[in-house]
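2 protein chains.
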Amino acid sequence: MPANAYHKLEELFAKLLRIEDAIAILQWDAAVMMPKASAPARGEEIATLKGLHHKLLAGPSVASLICKANNLDMDDWQRANLAEMSRQWIHAHAVPARLIEALARATSACEMVWREARARGDFKSVRKSLEKVVALTREAGEAKAEPLGVTPYEALMDLYEPEASEKRIDPLFADLEAFIAQTLPRVLDRQKGAPPPALGPVPEARQKLLGRKLMEVIGFDFSKGRLDESAHPFSGGTPYDVRITTRYDEAEPLKSLMGVAHETGHALYEMNLPEAWRHQPVGRARGMGMHESQSLIVEMQACRSVEFTRFLAPLLRDMLGGSGPEWQADALLRRLTWVSPGFIRVDADELTYSAHVILRYRLERDMIRGALKVSDLPEAWNEGMRRLLNIVPASDAQGCLQDIHWYDGAIGYFPSYTLGALAAAQLFQAAGKAMPDLRGKLEQGDFSPLMTWLKTHVHGQGCKGSSDEILERATGHPLDAGFFKAHIEQRYLNSDNY
Amino acid sequence: MPANAYHKLEELFAKLLRIEDAIAILQWDAAVMMPKASAPARGEEIATLKGLHHKLLAGPSVASLICKANNLDMDDWQRANLAEMSRQWIHAHAVPARLIEALARATSACEMVWREARARGDFKSVRKSLEKVVALTREAGEAKAEPLGVTPYEALMDLYEPEASEKRIDPLFADLEAFIAQTLPRVLDRQKGAPPPALGPVPEARQKLLGRKLMEVIGFDFSKGRLDESAHPFSGGTPYDVRITTRYDEAEPLKSLMGVAHETGHALYEMNLPEAWRHQPVGRARGMGMHESQSLIVEMQACRSVEFTRFLAPLLRDMLGGSGPEWQADALLRRLTWVSPGFIRVDADELTYSAHVILRYRLERDMIRGALKVSDLPEAWNEGMRRLLNIVPASDAQGCLQDIHWYDGAIGYFPSYTLGALAAAQLFQAAGKAMPDLRGKLEQGDFSPLMTWLKTHVHGQGCKGSSDEILERATGHPLDAGFFKAHIEQRYLNSDNY
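Below is the structure:
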């Protein structure tokens, strides 16, 4: 049987994924293993593979295969696969090679300047570099907007969270802002005194054993993945070889432990992708929003629940040799759910975290629209922080210089974090409805009901449908912030245990 | 200025090297870091990159660029670069894609069968798989023989040791065989009693610190490389990021230590390749023979010398906390230079090692010629061992099944080991002549004169000329076994210290 257009596409995209997977391992290595002085050569190697990938993907012959394949009979998975191929082709084809190269150079230069600027809290020194990155990124967004049929900023979001729309996110985030404004003072009022003291010092080696134990409890398969250390924890590798990292703070083992829980949530999404399709685009993770929902359902919904802390507290005492009141389940829960508005996003609790994202979403959207000048960014940032959390950073290092994203060209990424937090609450409540004993199982350290449910309803769905379609099939509703708000109210305002 | 043919070739080959370097890191990762279950996916990733590499290299447009470039004015480095490009193109172009794929499948299947067969000492079970590999490898050799202007077996050697010839190696190895036959009984006679006892047990962590210390003494730059563990020690990575491995035997720290010395010799060759040219073929290592000479000059010539053991013995006592007669320099030297004919190549001393290589050279040459049937291999092996070392293995596991090379398709590789041993002796004696204080410096733990000399005369030469040309420029002679024989006689027959 001669290969038809669809089969030819499957062959091509399998090859593209193998190149992407090779790049993922090289990037993991660069963050975890590589000696520093090798960075420039590694940059060249990865750029070369990306160039080969782009050349294979972006050509007009791929488009004509997609057009031909559209007319063929195929099942739902194949149809969804073709849709994902088409989306990837548009992203690759829309941006001319000249612009890709200019962006690569501009972001790489800007990132270097940013590291210095952040260390000195000196926004001015990076302003020009960022202006260039924003201008070029806007150009890329504009180039993709028409073929995708969306706004330039939506075209940028689409790379991370397909089909995310401003019309949808604007009111969603406005509603969340109001909820935070209303809820935060009540939580802070109820949350008297200080958080329990840190559990350290605990040597790294013990924290590592504990982290591995928690990964096993959650369901991580060490025959297909690794745990390592890196300066910035992440989940990397491939669905066949999932690699997460953490960093250890001897003074507080809960930091690395909750980091490991978070990354293990990401990892299980990858490990549970549909076996039959993971060599094709449709068999890969849906997007960054759905990915974040899986890290947060493990970390925030499950591991910081009152039930799981009852399992976790004796495990911590056993493995870390602790004793005293701060090692009891109630103190542990209090520490794991302590709310405290601060300047730094990555240190934020789950209530104020969304405020950090809302701020960044509005600022980056406006920069791409041209409604906010890069030179006005620090002031707009501080004004937004005052409005959202009623605090103002003393330095841009704690303000608009804190995150690498913009300086690295990742504009359009931030909303995924909060879309993921909302989806996590929605999925966890649906799972609890489907399995009334879910929380009881977590109290016994049994993640398998939750993970089996997620594998069926999320992980195993790959890209079969949009995030909203997957969510609706899984929970009966498209994304709805009501579940997140209910979760916050239950955990922080109505619970006796807290 | 428009790019001329030569500049276009430089651009292409820089890209090819970046792909090769990416593959090298993925292979290192597979041996050192990768979870076992990820092996099939990694195999696909590497095969995909190799396929892209081959497609870029093997086409006729590359040949026409080479033809055009041949007529251009260029300096010696560029001319040597073009020669190396040409050689690589012939290797890539001569073998049709069908044969490359058949070889990849046959060797991958044969290697798996071999692992089982070796474990059971059952040659018959792997015979058919090996016949297929030999037949396909012969076909590849025949395809390359004409364009390279050599015999099929020489074409296979050329991949590892360019310009190696049967006419040259046949008498060289016959002479070495006679030398071993004459020398070995005299050494064994002189070497009375038993070797000193092993220095262990020493925990892995201490051996690792000691290994790193020795690497620093030799000149390894840890800002551009790593030391790790793997089942089979090797030197991998790229010239920008050199990664060596070892394995630890708690009972005998000298095993990993000498392994580390050996791989560090390989590593320094890579680290010292010409800075201005290492992004081009001419700036890479000359071949496997020259590479082995660099590992052996460090391990065999320098680290096992009477002078260096005087530096090493107190270091071992300090770092491993040892005391007693076996920790004295004379006992250490005796242990490091103990001669003992055995069945296993990788455990052999430097005198009997060549016998193992001579045997394999003759057998693989005859298999490719069709003068030796695969089914007759075990008998021919045992007959050869009787003739060369007067011992006969009781099982093929200790005979023709011991090495992975043939079963993995690496036919033509073995001679490099002994060519390297001969070159190492020749280079070390030339360096000693140029710097009369060389051995005195080693006694102080100072490798810098040796390494500076090697950087100038070998490492920094890249592929500028053949192995023989590099050797002749460095030592005043083409490859000559006389230096190796003189070294063996001095160390094992004439020295007082031993």
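Residue numbers (my numbering), protein chains in the order written: chain A, 1 to 498; chain B, 1001 to 1498.
We put the CB at the ideal spot given by N, CA and C, even for glycine.
Please work out which residues of its chain come closer than 7 Å, Cβ to Cβ, to glutamine 88 of chain A, disregarding the five sequence neighbours upstream and downstream, and give them in chain order. Taking the first residue of the first sequence as 1, we reach residue 88 of chain A at position 88. Excluding the 5 residues flanking it on each side, glutamine 88 of chain A has same chain C-beta neighbours closer than 7 Å at Leu57 and Pro281, in chain order.
Cβ neighbour criterion (16 or more within 10 Å) applied to serine 1467 of chain B: On the second sequence, residue 1467 of chain B is found 467 positions in, with the first residue counted as 1. So serine 1467 of chain B ends up on the buried side.
Just how far apart, CA to CA, sit histidine 91 of chain A and alanine 174 of chain A? For the purposes of this step, residue 91 of chain A is taken as residue 91 along the first sequence, with counting starting at 1. For the purposes of this step, residue 174 of chain A is taken as residue 174 along the first sequence, with counting starting at 1. One C-alpha to the other measures close to 30 Å.
Supposed close pair lysine 1224 of chain B, alanine 267 of chain A - CB separation, criterion 8 Å: Within the second sequence, residue 1224 of chain B is the residue found at index 224, counting from 1. Within the first sequence, residue 267 of chain A is the residue found at index 267, counting from 1. Not a contact, Cβ separation roughly 31 Å.
Give the interface partners of arginine 18 of chain A over in chain B, defined as CB-CB distance under 7 Å, in chain order. Looking up residue 18 of chain A in the first sequence gives position 18. Those are Glu1044, Glu1045 and Thr1048, listed as they occur along chain B.
Local Cβ density within 10 Å of alanine 355 of chain A, reported as buried at 16 or more and exposed below that: Here residue 355 of chain A corresponds to residue number 355 of the first sequence, with the count starting at 1. The residue is buried, with at least 16 neighbouring Cβ atoms inside 10 Å.
What residues of chain A sit near arginine 1491 of chain B, judged by a beta carbon separation below 8 Å? By 1-based counting over the second sequence, the position of residue 1491 of chain B is 491. Within 8 Å Cβ-Cβ: nothing; arginine 1491 of chain B doesn't reach chain A, min ~36 Å.
Separation of aspartate 496 of chain A from proline 314 of chain A, as counted between CA atoms: By 1-based counting over the first sequence, the position of residue 314 of chain A is 314. By 1-based counting over the first sequence, the position of residue 496 of chain A is 496. Distance between the alpha carbons of proline 314 of chain A and aspartate 496 of chain A is about 21 Å.
Following the continuous alpha helix (DSSP H) through isoleucine 244 of chain A, name the residue where it begins and the one where it ends. Counting from 1 along the first sequence, the entry for residue 244 of chain A is found at position 244. Premise fails: isoleucine 244 of chain A lies in the beta strand (DSSP E), 241–246, not in any alpha helix (DSSP H).
Name, in chain order, the residues that DSSP records as bridge partners for glycine 59 of chain A. Along the first sequence, one-based indexing puts residue 59 of chain A at 59. Note: glycine 59 of chain A sits in no beta bridge, so no partner.
Any C-beta of chain A within less than 9 Å: which residues of the region 1202–1236 of chain B qualify? Asp1221, Phe1222, Ser1223, Lys1224, Gly1225, Arg1226 and Asp1228
Output the distance between the C-alpha atoms of tryptophan 1077 of chain B and asparagine 1494 of chain B, rounded to the nearest integer angstrom. By one-based count along the second sequence, residue 1077 of chain B stands at place 77. By one-based count along the second sequence, residue 1494 of chain B stands at place 494. If you take the alpha carbons of tryptophan 1077 of chain B and asparagine 1494 of chain B, they lie about 43 Å apart.
The region 1200–1216 of chain B / the region 1239–1251 of chain B touching (three or more Cβ pairs under 8 Å): yes
Please state the DSSP three-state secondary structure of leucine 227 of chain A. Along the first sequence, one-based indexing puts residue 227 of chain A at 227. Three-state DSSP puts leucine 227 of chain A in a strand.
Nearest-angstrom Cβ-Cβ length linking isoleucine 1218 of chain B and alanine 1181 of chain B, presumed shorter than 8 Å: Reading the second sequence from its first residue, position 218 is the one you call residue 1218 of chain B. Reading the second sequence from its first residue, position 181 is the one you call residue 1181 of chain B. The pair is not a contact, with the Cβ atoms about 34 Å apart (cut-off 8 Å).
I'd like to know whether the C-beta of glutamine 1281 of chain B is nearer than 9 Å to at least one C-beta of chain A. Working through the second sequence from its first residue, we reach residue 1281 of chain B at position 281. It is worth fixing the name first, because residue 1281 of chain B is proline in this sequence and not glutamine. Not an interface residue.
If you check the beta carbons only, do alanine 397 of chain A and glycine 121 of chain A fall under 9 Å apart? Position 397 of the first sequence, counting from 1, holds the residue named residue 397 of chain A. Position 121 of the first sequence, counting from 1, holds the residue named residue 121 of chain A. Yes, they are a contact pair.
Using DSSP's beta-bridge definition, name the partner residues of threonine 1238 of chain B. Taking the second sequence and counting its residues from 1, one reaches residue 1238 of chain B at position 238. Beta-bridge pairing links threonine 1238 of chain B to B:Asp1241.
Backbone CA spacing between alanine 331 of chain A and alanine 194 of chain A [nearest angstrom]: The residue labelled residue 331 of chain A in the question sits at position 331 within the first sequence. The residue labelled residue 194 of chain A in the question sits at position 194 within the first sequence. Their backbone Cα atoms lie some 11 Å apart in a straight line.
Please compile the residues from chain A whose C-beta is within a distance smaller than 7 Å of the C-beta of tyrosine 1240 of chain B. Translated into the one-based positions of the second sequence, residue 1240 of chain B becomes position 240. Per Cβ cutoff of 7 Å: Ser38 and Ala41.
Distance between serine 375 of chain A and glutamate 131 of chain A (C-alpha atoms, nearest Å): Counting from 1 along the first sequence, the entry for residue 131 of chain A is found at position 131. Counting from 1 along the first sequence, the entry for residue 375 of chain A is found at position 375. Spanning the two alpha carbons is a distance of roughly 8 Å.
Strictly under 9 Å for the Cβ-Cβ distance: is lysine 1015 of chain B near chain A by that measure? Within the second sequence, residue 1015 of chain B is the residue found at index 15, counting from 1. At least one chain A Cβ lies under 9 Å of lysine 1015 of chain B.
Closer than 9 Å to chain A by CB, leucine 1320 of chain B: Mapped onto the second sequence, residue 1320 of chain B falls at position 320. Leucine 1320 of chain B does not count as touching chain A.
Can you pull the chain B neighbours of methionine 34 of chain A, defined as C-beta to C-beta under 9 Å? Position 34 of the first sequence, counted from the start, is the residue given in the question as residue 34 of chain A. Ile1025, Arg1226 and Asp1241, listed in chain order.
Close-in-space but distant-in-sequence residues of the same chain around alanine 143 of chain A (CB under 6 Å, 5 per side omitted): Reading the first sequence from its first residue, position 143 is the one you call residue 143 of chain A. The answer, listed in chain order, is Ala94 and Val95.
Host alpha helix (DSSP H) of glutamine 1027 of chain B (start-end): Residue mapping note: residue 1027 of chain B aligns to position 27 of the second sequence, counting from 1. Run containing glutamine 1027 of chain B: 1005–1032, per the alpha helix (DSSP H) assignment.
Go through its chain and collect everything with a Cβ distance to lysine 8 of chain A's Cβ below 6 Å, but skip five positions before and after it. Start at 1 with the first residue of the first sequence, and residue 8 of chain A comes out as number 8. Contacts found: Leu65.
Identity of the residue in B:Arg1317, B:Arg1168, B:His1405 and B:Tyr1417 nearest glutamate 1350 of chain B by Cα: Within the second sequence, the letter at position 350 stands for residue 1350 of chain B. With distances taken between Cα atoms, glutamate 1350 of chain B lies closest to B:Tyr1417.
Please confirm if leucine 1103 of chain B has its CB atom under 9 Å from at least one CB of chain A. As a working note, residue 1103 of chain B is residue 103 in the second sequence. By this cut-off, leucine 1103 of chain B is not an interface position.
Taking 9 Å as the cut-off, decide whether the C-beta atoms of isoleucine 1046 of chain B and leucine 52 of chain A are in contact. Counted from its first residue, the second sequence places residue 1046 of chain B at position 46. Counted from its first residue, the first sequence places residue 52 of chain A at position 52. Their beta carbons are not under 9 Å apart, which means isoleucine 1046 of chain B does not touch leucine 52 of chain A by this criterion.
Alpha helix (DSSP H) containing tyrosine 353 of chain A: first to last residue? As a working note, residue 353 of chain A is residue 353 in the first sequence. 350–369 is the extent of the alpha helix (DSSP H) around tyrosine 353 of chain A.
I'd like the span of the alpha helix (DSSP H) that includes cysteine 110 of chain A, first residue to last. Reading the first sequence from its first residue, position 110 is the one you call residue 110 of chain A. Its alpha helix (DSSP H) spans residues 97–120.
Residues of the region 50–84 of chain A with Cβ closer than 9 Å to any Cβ of chain B, in chain order: Interface annotation for the region 50–84 of chain A against chain B: Gly51, Leu52 and Leu56, criterion Cβ-Cβ distance under 9 Å.
Here's the rule: buried if 16 or more other CB atoms are within 10 angstroms of the residue's CB, otherwise exposed. What is asparagine 1071 of chain B? On the second sequence, residue 1071 of chain B is found 71 positions in, with the first residue counted as 1. Looking at its Cβ environment, which holds fewer than 16 other Cβ atoms inside 10 Å, asparagine 1071 of chain B is exposed.
I want to see whether chain A comes within less than 9 Å of aspartate 1029 of chain B, judged by CB atoms only; does it? Start at 1 with the first residue of the second sequence, and residue 1029 of chain B comes out as number 29. Under the Cβ criterion of 9 Å, aspartate 1029 of chain B is counted among the residues facing chain A.
Please list, in chain order, the chain A residues whose beta carbon lies closer than 9 Å to that of alanine 1276 of chain B. Within the second sequence, the letter at position 276 stands for residue 1276 of chain B. In chain order: nothing, as chain A lies at least about 14 Å away.
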